Each structure stands twice: as C-alpha cells, then as structure tokens.
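So the structure is just underneath, and the comments pick up after that.
Residue numbers (my numbering), protein chains in the order written: chain L, 8 to 512; chain X, 597 to 1511; chain B, 3 to 117.
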C-alpha cells in the first residue's frame, strides 16, 4: 500500500478536525497549524518522489476496485500540485502566526486554513469526477468562511459576488456531471475517458466539454468569467489573499488540464482552439485590468487573471512543449504570486496601507524587503534569470513552434504590460518618498522583531525558490517534461487506474 | 571566465558588506575584478589577433537548449575589453563622485551586476543566455536611472527606458526563437555559418523584424531614441558607462554578431542604412537644441549609434572597418566627455553649459582632457575619431548607388557634431568666468584617472592606428568580412573625405559661433517637437490606462447581475454552439406519465414560479417550501426513500432558517425597470431551455451500462448492507461523505464567525448574551420540548443504526436529533441546552469529524487502502459493529454539532440585536 | 415522465436565474436555492427514473430480485443536497450580515469593492 497518496488529504483534514477540537487553545492551534502544514509538505514530497520513481500511483479507497469505488490517483501533475499546496500551506501558516489577529484565530482561522488545503489537495489527487466536485466544495466553503472572517463591509460585498458566481460554477459542474453519468454511467475519470472513446455521439461529448470548460473556467478565473476574483481577493486579511492567490484558481486550471487531456482530447481542433482564444483574452484583459488599478493587492489580483491565461495557453496549444510550459508556469506562478501577496502584507504592516498613493519609501527604509519584492515582481513579469522567465520562454517557444503567432504576440505584449504594473508598484511604493499627508492612513503599529522574522521567513523561502528555479531550471524542466508526457498519454493514466484490479497494492 | 562573471554577481551582492568593512575604499577594491578580467582579456589578445577563438563550454539547462558557453573571438574581445576597462575606470571614478552618498553601497551592487551582465551578453554563445544577460542589463539600467529615486522625473525616465528596451527585448525573444527554429541551433557560432539557410527561410522576414526591434530599442535608434536623453537622470558615471560606452551598444553588438547570418538581404541593407541615417541626423540636430551638458552628449551618442547602424547597413569591408574604429573612438571620447561632464557637474553644481565659463583657469587638466576628447568627437586629427570619420566618408563614397546619397545626412551630422564638440569643450572652459552654485577646483586623481586613460588611448591610437590592424582584422573576420585587407592610417593624403572634413569644420564653427541665436530660432520648432516619438510613447501609455479604465468600467463594473448575465451568456454561447453545430437536435419525446406525477411536477413548477412573482417575503419563502416538498414527493414516487426524507428535513430546516434570517430584512421592492426584467427573462428562459434540451438529448441518446449495477449486486454480499444507497454513502463512496461533513462543518464555522466575530465595531464575546428562554417560550412548547427530546434522540439512534439496511443513516438521524435539540433550545434557551448537551456543539463537530476519520484507520494496520471496511461481531448482543458504522456515527455527531452551532449562533445574534 | 421532468427542471433553472438577476439580495439567495434544487433533480432525472423499486436488498437475500432504481445517482444527490444545505445556510447568513453591514437590500449598492 502507498499511504502517501492519501496522507496529503488526510493530514490537513485531521489537523482541521483537531484544531476544531482545540478551539479554545490558541497555542495548540498554532502548533497544529505549523505541524499540519509541515506534515502535508513532507508527505507530498514523499508522494512526488514515489510518483517520479515508480510512475502513476493509485489507491482504491475502501478497497473497492475501480471504477466502482473512488480512486485516488497521483500522476506527476497531481503530485507536483500537492507539493506546491504543501509549500504554500506552510509558508502561509508561518506568515499567519504573525499576521493573523487574535480575533481571527479565535473564530476558526486555522481550522479553515487546514480544510482549505485539504480540499485543494483532494481536488488534485482524486480520480473521480464527483469526488472532485466534493473537494471543490470543501475548498469553496472553506474559502467562503475565510473570506468573510472579520465581517467588514468590503468583505461582505466581495463575498456575495464570490459566493454567487462560484456557486453558479459548482452547479454547472454538477449539471455536467449529471449529464455525463446519464450518458456513460460511470464517475471514475479514467473509466469515463475509456467509455467516451467508445461513444458514437461525439457531438454530445463536445457539448459536455463546453460545460466543463465554463464551470472550470469560472473557477480558474478565465476571461470573461473572472469577475468574482478582482471583486473579492483584496478584501480579506492578506494571508488569506495569499493562500487564495496561490491555490484556488490553480485548482480550476488543474481541473482544465485534467479533463482536457484525459477526457476531452478527441477534437482539439474545436475545444482547444476555443481554449486558445480564451487564454489570449484572459491574458490581455487581466493585465489591462491591472493597469487601471492603484492598489497593491488589486493590481496583483488582476495579474492572477492574466497569468491564468498563460497556463491555459499551454494547455490549449496542446503540444508536448506547450503542456510542459503550462505546468512549469503553474509551479512558478503559485510560488511567486503567493509571495507577492505576502510582501504586500508586510508592506501594509509597515506602512499602514495598500494604496500606492499612500505608500512610499520602503526601498529607503527596508532594502531587504525591496530586494525580495524585486525578485518576485521581476519573476512575475518574466524577467531572467528568474523562474518566470523560463516559464514564459517555454510557452512562447511552444507558441511559435505551433505557429500560433497571434496568441504568442499577445503573450509577449502581456509580459511587457506586467512589467509596467510591477514597475508602477515599485516606483510608487518602494522608490517614491513617503507622502507627507497621512490623512487616511491607518497609523502602522510598531512591528516587533519576532513578528517580522515570522513574516519574513516564508517570503525569503519563496523568493529563494523562484531564484533557484531560475538559476537551475533543468530539474523542474525535467519534471514538467515527464508530467507533460504523462498528460499527453492518457492511456497510461487509464491503465494505472483500471488495470490493477483489487486495489492499489 | 564564467566563474569570473558569476563571481562578479556574488561580489555585487556583497558590496554592502564590503562597504561596512572597507568604507570608502570599497569601489577601488571592487574595481580589481574588472581590471583583472581586462588583464586576462589582454593576455588573449595575441591569440585572437592571430585569428583564434576561445570557446568555453558550460552547461546550464541542457533540456531547454540553454548553455552558458562563452565565446571569445575578435568581436567579443573588443567589446569585453571596453566593458572591463571602462568598468574599472567608472568604479574608481564613482567612488569619488558619490563619496559619502548614503546609497553608494547599493550603487556598487547594481553597477557591478550590470558590468557582469554586459560581459555575459557579449561573451555568450547561446541565444537564450545572451537574452538573459540582455534583459539583466535592462533591469540594472532601470535601477541605475532611478538611482535618485525620490525624484519623480528620474522614476519616470527609468520606467520609460525599461519599458522601451524590454518591449524590444520581448520582440527579440520571439526573434531568437524563430532564429533558432530557422537555423536549427541555439548557438551563435553555428547560426553564423548558416546565413544562406537563414536568408532563404520563410521565417526570415518576421525574425529579422523582431530582432531589429530588439536591437533598435536597446541602441536608441530612431524612433526609439527618446529614452536615452531621459536616461541622463542617472548619476553621471552611469551615463558614461551604460548610456554611452556599453549598454546602448548591445544592440549594435548584436547586429554585428548576426551580420554574417542575416545581412545581405535588401530588407537588412535598406532598414539599417535608413534607420541609421535617420538616427544620425535626428541625434545631431536635437543635440544643438539643448544646453544641458549631459543631454547634449546623449543626443550626440544617439547620433553615433546611428552612424554605427548605418555602417553595418552598408556592410562593405571598408564600412565594417570604419565601424570598428568608430566604435572604439566613440567609446573613448564619449566616456571621457561624460566623465568630464560629471566632474563639471560635481564641481560646479550645475549641468547647464551656458551657466559655466572660464573654468580652464581653475581646472586646467580637466579642460585639456575635455578638449582632446572633443577633438576626437569632432573628428579632427590627430585623434582616433578622425580616423573613424574619414573611414566612414570613404566607405560611403564607395558604396553602391543609392547609398551614396546617405553622404548628405552623414555630412550634416558631422558638422553638427563638430559644433556639439565645440559647445561641450569650449563653452565651459573659455569666456568669462561665471558664478556657479559651487566653487570649482581640480577634482581628485580618482576622477581624473579615467579620462586620462581613455584620452591617451584615443590620442595614441589616433597617432598610430596601425596598432589596431590586427584587432580590426579579427573583428572583421567575425562579422562576415574575413580576409579583408586592413591598413589603418591617420593620414591618407589630400582627398575628398578630407575635403568634407574641412567643410564640416567651417560649417560646424559657424553653428558654434551663432549657437545662441540658432537655439532661439529652433525653439520655434517646439510645437513640432512635441509630436515626436516620445509623444507617441506618452500617448500610448495614456491610451493604455484609458483602455484599462474603460475595460474595467465595462467588465468589472461591480454589478453582480452583469457578471451573472455575462457568465450565462458565455455558457449559452459555448454550449449552444457545440450543441447545435456539433451535435444537432435529435430528441425523442417519450411521454408516459401518471396524472398524480404530473400534478406533483406541476405544483413544483408552480411553486418555483410563484416564488418569483410573490411580493411578500414570507409567501415567497413558502412557495420555495412548496417546491421543495414536491421534489421530496418526486423522490418518493420514483423509488428514492432516503432522498425523500433528506430532502424533506433539509427543506424544513432551510425554510426555518430563511424565515429566521429574512425576518429582519426589508420588504421586497421593485427595483428594476421593465426592460431589465425583460432582458433577465430572456437570459433565464434561454438557460432553462438549454438545460431542457441537454437533458432531453441525453435521455434519448446512447446510454452505456452503469457501474451501479455492480453496486446493486455487491452491496449485501461484500458490504453487508441492505440499503444500497447507504452502503454507497458510508462504504463504496465514503470519501464523498467525508468531504460532505467537512463542508457542513466549514459552513457552521463560517456562520458562527460571521454572526459572532466582527473585526471592527462591537465584538460579540463568545459568551455574550443571556441564556434565558426566548420570548416565544410558551408552556405547551416547553412541555413538548421536554417530552420530545428523549424520544427524538431515541428515534434518531434507531434511524442511525438501521441505516445500513433500511432508509435512514447518520445524516437523517442527525437531522431528527437536532430537531429535538432545536425545539429544546427555543423552549429553554441556550444555557439549558448546554446543560443537557454537556459539551459545546462545536466540540461535537470536531469529535464527529475525528471519529469519522478514525474509522479509516483500522485498515492501515492491515495494510489495506484506507477506508477499507472492517467488521466485528459483538458476541453477547449479536450486534455487528463495523468501521462504516463508526463512520456513520461520526457523521451523526458532526451533523448534530453543525446544526446546533448554527442555530445557537443565530439565536444569540438575534438576542444581541434585540438588546 | 423524464421528458416532463426535463421541461420542469428547465423551468426551475429559468426561475432560479431570473431570481438571481434581481437587485434584491434576498431574491438572490432564493434564486440560489432554486438553482441547487434544480441541479439535484437534474442528476436524479438524467440517470433514469423508475417507479416503486427502491434500491433495497430484501431481508435474507444477497441481491434484489428484480430491477431496482439506480442507487448511485441517489447517493450523489444525497451528498449534493447536504452540501447545498451547508452552502446555502452560509449564503443565507451572509446575506443577512451583508444587509446589516451595508443596510440595503439592493445589490447595486454593493459595488464598492470593484472598479
């Protein structure tokens, strides 16, 4: 048996339940927060190593052989995503220790965080389409609760949009699952893929593909379905924003990768062409949205949208190199985007605002923070030699080799506009002298040394990640290459899931 | 060599540390690195001049076809030498220029990093590595232009420079990818040999355009020249180093490097010559409009860069040797002049040449150096600049037919440049002494050393240009003119080029003489100037922001229903398109309906529709209730007892919740206009219709066998349960149920937090509010509650235990139990409930969840996949215990806890509002 | 019957969406309820409906003697109902808190966080 497939789900679930039981002890909750996320990271690394060494890992939950029970499946993409979940989880947990207020901690911040991670990990590891829905909901409700924690007015307004649109997405997903079950009579994704191939009515398959595309497109915040994201991501405490920014939309992207490589890959000329244009417009509209913003976190939020476009582009081009680029991009983006949000949190803590107008002088007073920002921001904009450059480079190269010149040109342009946004933040928040009138700024509290260390450590760690990926891209490249090869050979996935009757031994 | 460059980056990072140890001596110390590199490069000189090349392999990311292989041949040797020698000079110089500046350590970090990037750029053999260094120079340049970061003009200039160069850089990236595709290699050395293949390739034109865009933006060619003068916001040593001697020549370097691979086509010759000539004239002409010494020099740099491009465009061996000499000469004199400008600015406190005068008396050495450099700039003997300019005239005269006409702009540029030289070198030093903000004196040696070195080189090589023969030949061999006969000399006798030089001397002198008047005249052109390319850049930026604002207003407008409509329309468009164009309408309507079924369905629809049109809130809620009830009936009619019970209980709870919550909200008001309602109606109908169509076509389409057949057959034999639905829930698909109870727990935590925790304003304490009974607590209610609670609990346990075999199960049982508790709560208040419960509902949730998870563990001991069921028979009462049962008990506890958490929170909240 | 249900479910979806597009947040949440109910019914219906044959194995037997209704969609719908219950309770309370904070039932007054 390979417990490491289930552990990345069970550990955060367990940690969440335990934190609920230890509701009244803040100390216990904080200990569990670090221990649980560290456990998640360790087991997920273990899982990745196993998958990398031995190929796709499967666990038939409850011992019921596929396709009758629920299968947990870890292929390279899933395992990579879970590792990232662990990385982000641990980083945000550490950051939260210093940055999350007592009130938030008293009202369930840590249990919610664990369960969000559990939902995310579950979504990455499940091999069952309805189970995917369940994990989506776990993740979603956890995010709802995290989003409103604090009950401030902007949070409420943002949450209403977030909740509504995400529920629409869930219902669409559910409808699609219902229709799919009506047609093929199974829920196991590998089994669905196998049975769909034998179906004569391919038109209806395309229809379902579109439904999944829209449902996951909303989750992934693709154009023009992203409204919920910029409406809400800047409202909760920054650790929550960072967690969301790193993981939530990526679950949507992951789901798109999964279904459009495993299940709906029979008419790429139709489905993937649509994805391609969706990707291009997503990149463009996201970056334009950011250009209109003058608040640290809002700019970053819109950039999430724009970068989702790059990842989807990787999927849409549907060549080995492109998928590889997509995977590479996801890894890079999760690390860097989370880090930028965390940095915005530190800046806010030091200066008392997210508004660029009210910020300034961080470069003068906190050069180390400026360096960390610069590394992450330039990486986001795809400047060498950071992780973002290689991510972008691979996607661009794939685009040109696939002769998709239009979208590639857009991808390049978007890179430039991203740089524009990042220099806007740098110029205003870091270089500019702090403004004199501090009228509507919350006077910043004195930040203790210990607090600063706790907040700084994860930021430094993530920055080192992007730097290391940038300086030594080969390791990740090889991993992404292998995962792309798996994704483009769905029969391997199907065989791994269905070919070993009697459970994953 | 790679180690030296990479080590340089490390050294750059250590600059602040070094500065702490060595203080003011740090720059001198750090200059040792470029000096050492220069020495090493000089040692390679003989080998390179002899026609050799050094290739230093270094793997980086072989999977990505990226290597850090360095190639040292004539061309890269020339550039690397310039970079390292001037780099060392500039480091020493800036230690003095920025003495005591608080940002000196940061400056050293960035400028050293730049130096290394630039070296990497000219030495890289791999296209991607070259690009990496290329972008690094852009970034470091950005940081250096914005060095005076509190100055908004500096920030703007920095951003402009970055965006223009990186914008070009991105085109360059695309160009490189296409180049590698066309030439099937990422190595420059290999590509250079495949010129014929490349020129024939279908991608030739697009890749040429992209690469030229990259080179032209970097090297400030027209119409991208505008960023360079603005970049003068940087400290002067930076201007000297980046924006005249090295970085701006990166584009030129690239063009030269790719000359053998790409040149020769009409597009190449035409674009380069034309852009070069235009840049030349623009630079020279704009220069004399300005009085700031650095701006003057910057425009003259633009002019020089144009000249270099033009020479590459002509591409004859003569032009190429002119290219080499002009490049070197320019680096020497422009470096000197900038450094002198820095000295002037440092000593006098102003940058305006018209505000200076008579300085030769206080700083004679500086004056002498400035004048020598200016002679070279002006292209007068006996300096290297003269040699370069003569060679340029010669090559133009020898060029093919139409290119001869470019002699005109070259001549114009030459005499304007001459006047620029005069302005820069004569104006500050001669004439009447003028008062300046600071009292000038001769600068310290560290600042003079650089100009001294560069000027002597300029003079020496001008007197004996033969010393460059070997290098020029080597460079020429690298850029596609191998075997050219190079004989450099200062004096070629009296010929046409010399005549041109004399003519330009006269005209240039005139311009200098009447410069002040001329500037006044040129000022009248100002309105025209504001329409230049820079205005285009500004308009583009403004347009971008406007477009962004428009898009935000249009898409992200804050109206949730617009978001919904957009989302639904996208769904309808995509799904509808796929449905009608890829599937088609093929539906069989089979109608076999009993009348009572039709009535139930009709009532359900009626409930939903009336919920829409009801004006009273409670009526709308009741209508929803009717619909939910009909759904439960449907479940009963179609063989789903578990579903029916669940639906009924959930519906009841939901309606109660709605009533409890909405009670306090205002009445419905009609807020939307009829047109809006019509639009919404259309969207809603379309969506509903689409769903119906989809369902009908699935129902009448091909259907494959179900996996549930297996479940029906194996539920009893393998999972020991008669209620198949329950077996699926707690065994076959227990993982779903586990997720489900976690969803409920999360919702409860969320509800609790929302009602009780307000980050700002009245924070409701965990134990706020009195625990007495609610007002509605009547006698009947309390008696009923007291009696019902044990009964209901008993009943719920019964439901729980039988769930595996008959309708029931943990969830249903829990809802039944919570009903009893809820009644009790309403009757006696929270404190009483707490006494009965003895634990907080929240703990119940936690315990239930833990229990559910623990039930997965026994499987682990036996090494089975988790959640594998285990059965034990308890002997005395002959009761079969199992992990699925434990799991179901966990579900039961968690759900009871969830419902109670939510209800107590709501009740408390109400009491708060009342109180 | 399935055809009739398909039409009814279509109508449910339409009413749900119409409600969600109103400006009142209360209507929005009622719309969400209708929507999730409609989706549950859709799963139930699309899998095929069968009268009077609940998926129970008679006492003492290993398997049902005649064909029974498909139990799997029932289990899915049960899970979906419970999840929807959790989510909707959250939404209902959210609406109420939003009203308390914003003091308006009008969604048009809740657009400060955008733009």
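Don't be surprised by glycine CBs; every beta carbon is placed ideally from N, CA and C.
Because the structure is a prediction, the values reported are computed rather than measured.
Margin query: Taking the alpha helix (DSSP H) that residue 1199/X belongs to, which residues open and close that run?
Written below: The residue you call residue 1199/X lines up with position 603 of the second chain. From DSSP, the alpha helix (DSSP H) with residue 1199/X extends over 1191-1209.
Next item on the list: For residue 1210/X, I'd like the list of residues in its chain whose CB is within less than 7 angstroms of its CB, leaving aside the five on either flank, ordered along the chain.
Entry: For the purposes of this step, residue 1210/X is taken as the residue at position 614 of the second chain. Around residue 1210/X: 1216, 1219.
Margin query: If you follow the beta strand (DSSP E) that residue 1469/X is in, where does it begin and where does it stop?
Written below: Taking the second chain and counting its residues from 1, the one referred to as residue 1469/X is at position 873. It spans 1467-1470 - the beta strand (DSSP E) in which residue 1469/X sits, taken as one unbroken run.
Checklist line | residue 67/B at chain X interface by Cβ criterion, 7 angstroms | finding: Sequence index remark: in the third chain, residue 67/B carries index 65 (1-based). Not one chain X Cβ lies under 7 angstroms of residue 67/B.
Check: What residues from chain B crowd round residue 1243/X, counting only those whose CB sits closer than 7 angstroms?
Finding: Within the second chain, the letter at position 647 stands for residue 1243/X. Ordered by position in chain B, the residues that pass the 7 angstroms Cβ test against residue 1243/X are 83.
Check: Taking the C-alpha atoms as reference points, what is the distance between residue 935/X and residue 833/X?
Finding: As a working mapping, residue 935/X is identified with position 339 in the second chain. As a working mapping, residue 833/X is identified with position 237 in the second chain. Note on geometry: alpha-carbon atoms of residue 935/X and residue 833/X lie some 6 angstroms from one another.
Check: When the Cα atoms are used, what is the spatial distance from residue 783/X to residue 477/L?
Finding: As a first step, residue 783/X must be located in the second chain, where it is residue number 187. As a first step, residue 477/L must be located in the first chain, where it is residue number 470. Whole-angstrom Cα-Cα distance: 21 angstroms.
Next item on the list: Can you tell me which of the three DSSP states residue 864/X falls into?
Entry: Indexing the second chain from 1 puts residue 864/X at position 268. Assigned with DSSP and collapsed to three states, residue 864/X falls in helix.
Note to self: Per DSSP, what are the beta-bridge partners of residue 657/X in this structure?
What the structure shows: In the second chain, the residue the question calls residue 657/X occupies position 61. Residue 657/X is bridged to 662/X.
Item checked: Cβ-based neighbour list, residue 801/X, same chain, cut-off 8 angstroms, excluding 5 preceding and 5 following -> If you number the second chain from 1, residue 801/X lands on position 205. Hits under 8 angstroms: 863.
Next item on the list: Specify, as a first and last residue, the run of the beta strand (DSSP E) that residue 1161/X falls within.
Entry: Position 565 of the second chain, counting from 1, holds the residue named residue 1161/X. Unbroken run through residue 1161/X is the alpha helix (DSSP H), 1156-1173; no beta strand (DSSP E).
Check: CA-CA distance, residue 14/L and residue 77/B?
Finding: As a first step, residue 14/L is located in the first chain; it is residue number 7 there, counting from the start. As a first step, residue 77/B is located in the third chain; it is residue number 75 there, counting from the start. A straight line joining the alpha-carbon of residue 14/L with that of residue 77/B spans about 25 angstroms.
Check: If the cut is a Cβ gap below 7 angstroms, which residues of chain B does residue 182/L touch?
Finding: For the purposes of this step, residue 182/L is taken as the residue at position 175 of the first chain. Going along chain B in sequence order, the residues near residue 182/L (Cβ under 7 angstroms) are 41, 44.
Next item on the list: Count the other C-beta atoms from every protein chain shown that fall within 10 angstroms of the C-beta of residue 1125/X, then say buried if there are 16 or more, exposed otherwise.
Entry: As a first step, residue 1125/X must be located in the second chain, where it is residue number 529. Looking at its Cβ environment, which holds fewer than 16 other Cβ atoms inside 10 Å, residue 1125/X is exposed.
Notebook entry, point to check: In terms of residue numbering, what span does the alpha helix (DSSP H) encompassing residue 3/L cover?
Noted result: Given that chain L is displayed from residue 8 to residue 512, the structure contains no residue 3/L and the question cannot be resolved.
Check: How would you write the range of the beta strand (DSSP E) that residue 67/L sits in, first residue to last?
Finding: Against the first chain, residue 67/L aligns to sequence position 60. Its beta strand (DSSP E) spans residues 64-67.
Notebook entry, point to check: Helix, strand or coil: which one does DSSP assign to residue 103/B?
Noted result: If you number the third chain from 1, residue 103/B lands on position 101. In this structure, residue 103/B counts as helix in the three-state DSSP scheme.
Notebook entry, point to check: Do the stretch 618-627 of chain X and the stretch 692-707 of chain X touch if we need at least three Cβ pairs shorter than 8 angstroms?
Noted result: yes
Item checked: Three-state secondary structure assigned by DSSP to residue 1373/X -> Translated into the one-based positions of the second chain, residue 1373/X becomes position 777. Confidence at residue 1373/X is low in this model, with a pLDDT of 49, below 50, so the placement of that residue is unreliable and no value is reported for it.
Notebook entry, point to check: Which ranges does the alpha helix (DSSP H) cover as unbroken runs of at least 4 residues, wholly within the stretch 326-412 of chain L, from first to last along the chain?
Noted result: 327-358, 369-372, 374-387, 394-408
Next item on the list: Would you be able to state if there are at least three C-beta pairs under 8 angstroms between the stretch 979-987 of chain X and the stretch 922-939 of chain X?
Entry: yes
Next item on the list: Measuring only between beta-carbons, confirm whether residue 158/L sits less than 7 angstroms from chain B.
Entry: The residue given as residue 158/L occupies position 151 in the first chain. Closer than 7 angstroms to some Cβ of chain B, the Cβ of residue 158/L qualifies, so yes.
Margin query: Is there a C-beta anywhere in chain X that falls below 7 angstroms from the one on residue 18/L?
Written below: Walking along the first chain from the start, residue 18/L turns up at place 11. So, not an interface residue.
Notebook entry, point to check: Using a Cβ cut-off of 7 angstroms, which residues of the stretch 1123-1152 of chain X contact any Cβ in chain L, in chain order?
Noted result: Listed by position, the residues of the stretch 1123-1152 of chain X near chain L (Cβ gap below 7 angstroms) are 1140, 1141, 1143, 1144, 1145, 1147, 1148, 1151, 1152.
Check: For residue 496/L, which of helix, strand or coil comes out of DSSP?
Finding: Your numbering for residue 496/L matches position 489 in the first chain. The answer is coil: DSSP assigns residue 496/L none of H, G, I, E or B.
Check: Do you know how far the Cα of residue 84/L is from the Cα of residue 60/L?
Finding: Walking along the first chain from the start, residue 60/L turns up at place 53. Walking along the first chain from the start, residue 84/L turns up at place 77. Using only the alpha carbons, I get a separation of about 14 angstroms.
Next item on the list: Run the CB neighbour count on residue 107/B, radius 10 Å, all protein chains shown included, and call it buried at 16 or more, exposed below.
Entry: Here residue 107/B is taken as the residue at index 105 of the third chain, counted from 1. With 16 or more other Cβ atoms within 10 Å, it is buried.
Notebook entry, point to check: From the DSSP output, which residues share a beta bridge with residue 1064/X?
Noted result: Within the second chain, numbered from 1, the residue matching residue 1064/X stands at position 468. The partner list for residue 1064/X (beta bridge, DSSP) is empty, contrary to what the question assumes.
Next item on the list: Note down the Cα distance separating residue 1118/X from residue 747/X, rounded to an integer number of angstroms.
Entry: The sequence position of residue 1118/X within the second chain is 522, counting from 1. The sequence position of residue 747/X within the second chain is 151, counting from 1. Spanning the two alpha carbons is a distance of roughly 29 angstroms.
Check: If we count Cβ pairs, one from each stretch, closer than 8 angstroms, do we get three or more for the stretch 1323-1334 of chain X versus the stretch 1479-1499 of chain X?
Finding: Between the stretch 1323-1334 of chain X and the stretch 1479-1499 of chain X, the count of C-beta pairs closer than 8 angstroms reaches three or more; the two stretches touch.
Note to self: Taking 7 angstroms as the threshold (beta carbon to beta carbon), is residue 614/X in contact with chain L?
What the structure shows: The count along the second chain starts at 1 and reaches residue 614/X at position 18. With respect to chain L, the C-beta atom of residue 614/X has no partner C-beta closer than 7 angstroms.
Margin query: Give me the residue from 773/X, 749/X, 1386/X, 1390/X with the minimum Cα distance to residue 410/L.
Written below: In the first chain, counting from the first residue as 1, residue 410/L sits at position 403. Among 773/X, 749/X, 1386/X, 1390/X, the Cα nearest to that of residue 410/L is on 773/X.
Margin query: Suppose only complete runs of 4+ residues qualify. What are the alpha helix (DSSP H) ranges in the stretch 168-247 of chain L, listed by chain order?
Written below: 196-205, 209-227, 235-239
Margin query: Our contact map puts residue 1421/X next to residue 1500/X with C-beta atoms below 8 angstroms; I'd like the distance itself, whole angstroms only.
Written below: Translated into the one-based positions of the second chain, residue 1421/X becomes position 825. Translated into the one-based positions of the second chain, residue 1500/X becomes position 904. Yes, residue 1421/X and residue 1500/X are in contact; Cβ-Cβ is about 7 angstroms, under 8 angstroms.
Next item on the list: Assign residue 783/X to one of three DSSP states: helix, strand, or coil.
Entry: Along the second chain, one-based indexing puts residue 783/X at 187. Here residue 783/X sits in strand by DSSP.
Notebook entry, point to check: From the beta carbon of residue 1350/X, is the nearest beta carbon of chain B less than 7 angstroms away?
Noted result: On the second chain, residue 1350/X is found 754 positions in, with the first residue counted as 1. Cβ-Cβ to chain B under 7 angstroms: yes for residue 1350/X.
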